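Step one of this worksheet: look at the structure below.
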Amino acid sequence: MEPGPPFLLHNQDKWPVKPTSVKEEDESELRKSVFCGVSSVVSGPAAPEASQNETWKELLEATAETLHGAAGMSGERTSQAYQDAETLIIRKAQQDSFPDELRLLKAGKPIPPIAAYSPCLPS
1 MEPGPPFLLH NQDKWPVKPT SVKEEDESEL RKSVFCGVSS VVSGPAAPEA SQNETWKELL
61 EATAETLHGA AGMSGERTSQ AYQDAETLII RKAQQDSFPD ELRLLKAGKP IPPIAAYSPC
121 LPS
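Counting in my numbering, the sequence shown runs from 1 upward without gaps.
Pasting the structure below:
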């Protein structure tokens, strides 16, 4: 049987000192970490889906309720509530139908003339 390292035969005060610091790794060869993420911002309240309503009036009511909350309205809705709902519906339709043009307008760039959107209109 092997007796072990020779320093074990001496008093503890003669034993080698255990290193206290850890040798730092050379990170020059390591790949840098990269974060890649996507965020989206929804501005304002979401309008109800038009396809879930059979009439314009139903869509307008559902949108007004979404904007002002079912519990928040006591009695009849105001004309302003319906105007706000109508504006939201039209904005959503424009965003859905013309996303590229909306992006150009937000960037302050010109959009193509309207004749480009309809084969019936002369160029």
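Heads up, the beta-carbon is just placed ideally off N, CA and C, and yes, glycines get one too. Here the structure is a predicted model, which is why all the values come from computation and not from measurement.
In the DSSP assignment, ARG31 falls outside any alpha helix (DSSP H), carrying neither H nor E.
In this structure, the alpha-carbon of GLU86 lies about 8 Å from that of ALA64. ILE89 places its beta carbon less than 8 Å from that of LEU59.
A Cβ-Cβ contact shorter than 8 Å links LEU102 with GLN94.
DSSP, read as helix, strand or coil, puts GLU49 in coil.
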